Amino acid sequence: MNNQITVNNLTHTYGSRRALDDVNFTVPRGEIFCLLGPNGSGKTTLFKILSTLMKPTSGSVDIFGYDLYNKSKAIRKLLGVVFQHPGLDIKLTVTENLRHHGHLYGLKGKTLKLRISELLERFGISDRSHDIVEELSGGLKKRVEIAKAMLHSPSILLLDEPSSGLDIGSRRQLSDHLSSLATTENILILLTTHVLDEADNCTRVGILDSGRLVSIGTPDELKGSITGDVVLIETTNGETLSQAIADRFDVSLKLTDNYIHIECEHGYEFVKEVVAAFPDEIQSVRVGRPTLEDIFIKLTGNPYV
Numbered sequence: 014m015n016n017q018i019t020v021n022n023l024t025h026t027y028g029s030r031r032a033l034d035d036v037n038f039t040v041p042r043g044e045i046f047c048l049l050g051p052n053g054s055g056k057t058t059l060f061k062i063l064s065t066l067m068k069p070t071s072g073s074v075d076i077f078g079y080d081l082y083n084k085s086k087a088i089r090k091l092l093g094v095v096f097q098h099p100g101l102d103i104k105l106t107v108t109e110n111l112r113h114h115g116h117l118y119g120l121k122g123k124t125l126k127l128r129i130s131e132l133l134e135r136f137g138i139s140d141r142s143h144d145i146v147e148e149l150s151g152g153l154k155k156r157v158e159i160a161k162a163m164l165h166s167p168s169i170l171l172l173d174e175p176s177s178g179l180d181i182g183s184r185r186q187l188s189d190h191l192s193s194l195a196t197t198e199n200i201l202i203l204l205t206t207h208v209l210d211e212a213d214n215c216t217r218v219g220i221l222d223s224g225r226l227v228s229i230g231t232p233d234e235l236k237g238s239i240t241g242d243v244v245l246i247e248t249t250n251g252e253t254l255s256q257a258i259a260d261r262f263d264v265s266l267k268l269t270d271n272y273i274h275i276e277c278e279h280g281y282e283f284v285k286e287v288v289a290a291f292p293d294e295i296q297s298v299r300v301g302r303p304t305l306e307d308i309f310i311k312l313t314g315n316p317y318v
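Residue 318 is where the sequence shown ends in the working numbering, and the numbering goes up by one at each step.
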């Protein structure tokens, strides 16, 4: 079996609107691959295609040796899917939710009971097995969702905006659980997100903007495309000030809304010079190492919203 997802020249349109535009990437087993982009970037459309809910307008998708167009039934047996909107019955207990879902995959008896027990232990929710789901926190519900998706031992786990609605602590716990699944069970994990710190914890990141996959790499590789520091200047006179800075200093910059993004070596020294040169034009200044948000702006010229 070809243990990877391969997407070639994938395009999808809704009428005259192109939601995906010639997307290409490959994800091997054992990797946590993140599709990062703001709302409207094409993440949801791509997720629906990969989870076999819809077929693309053109292009090809090969999932573990199966063609998406002709072998969607075989592909579904390989998938565990966690949708953005909860799929749990909130009036049932944790165990009841898992048991009923296991029946859909033909699991029953001691085999199902053992698998439920294993997953409850893995996700640290054994002590909540008899709790009604509606009484759980958002983070615990997400763990139950993932446990449910893992019941039939899938080779691929797809998650749509998995950290949506979670606090920072729950996001970290979720990231730890996903890392453990990828390494100990060697499954392929693909998730969509607009949360930058969630993408930072993935093996590789594909940045989507307006349906185009503009770059792929590890978080460090992507951030390494900016040499030096990033200086963010807030101003009410962006166009005039950005032109003045470009004329006076040899720096690369982009303007988004009321912010000027500048790439430069020795950012703290540059801040002193630029503030001294334009003291009345600058409202605030931030300097730091490049982030994935900075990379998105560099690649697209658009604010990350």
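Think of the CB as a built atom: it goes at the ideal place given N, C-alpha and C, for glycine as much as any other residue. Bear in mind that the values here come from a model prediction, so they are computed numbers and not experimental data.
8 Å Cβ cutoff met for residue 248 and residue 296: yes
4-residue-minimum alpha helix (DSSP H) runs that sit fully inside the stretch 195-222, ordered along the chain: 209-213
Straight-line gap, residue 313 to residue 82 (C-alpha atoms, nearest Å): 32 Å
Beta-ladder partner(s) of residue 299, from DSSP: 245
Proximal residues to residue 152 (C-beta, below 6 Å), its chain only, five neighbours per side dropped: 179, 183
CB contact flag (residue 62, residue 76, <8 Å): no
Where residue 255 falls, given that 16 or more other Cβ within 10 Å makes a residue buried: buried
Extent of the continuous beta strand (DSSP E) run through residue 307: Element bounds for residue 307: not the beta strand (DSSP E) but the alpha helix (DSSP H), 305-313.
Within 8 Å, strictly: CB atoms of residue 95 and residue 149: no
Contact under 8 Å by Cβ, residue 320 with residue 226: With the chain covering 14 to 318 only, the question about residue 320 has no answer from this structure.
Touch test, the stretch 38-54 against the stretch 202-209, Cβ-Cβ under 8 Å, three pairs minimum: yes
Given 8 Å, three or more beta-carbon pairs between the stretch 26-44 and the stretch 53-60: yes
DSSP beta-bridge partners of residue 41: 17
Residue 42 vs residue 214 beta-carbon contact at 8 Å: no
Neighbourhood of residue 318 by C-beta distance below 7 Å, restricted to the same chain and skipping five residues each side: 51
Counterpart residues of residue 274 in DSSP-defined beta bridges: 245, 267
Collapsed DSSP secondary structure at residue 29 in the structure displayed: coil
Exposed unless 16 or more other CB atoms sit within 10 angstroms - verdict on residue 320: This structure cannot speak to residue 320, because the chain is shown only from 14 to 318.
Residue interval of the alpha helix (DSSP H) (run including residue 225): Where residue 225 is concerned, there is no enclosing alpha helix (DSSP H), although the beta strand (DSSP E) it sits in stretches over 225-230.
Distance CB(residue 310)-CB(residue 239) smaller than 8 Å: no
Status (buried if at least 16 other CB within 10 Å, exposed otherwise) for residue 107: buried
Collapsed DSSP secondary structure at residue 258 in the structure displayed: helix
Sequence-distant residues of its chain with Cβ nearer than 7 Å to residue 277 (five each side left out): 241, 242, 244, 264, 283
Start and end residues, alpha helix (DSSP H) containing residue 132: 122-135
Start-to-end residues for the beta strand (DSSP E) that takes in residue 239: Here residue 239 belongs to no beta strand (DSSP E), and DSSP marks it neither H nor E.
Cβ-Cβ separation, residue 71 to residue 222 (assumed contact under 8 Å), whole Å: In fact, because the Cβ distance is near 20 Å, the residues do not count as touching under 8 Å.
Selection from 281, 287, 22 that minimises the alpha carbon distance to residue 301: 281
Per-residue burial, residue 69 [other beta carbons within 10 Å of its own, 16 or more giving buried]: buried
Residue 291 versus residue 211 - alpha carbon distance: 37 Å
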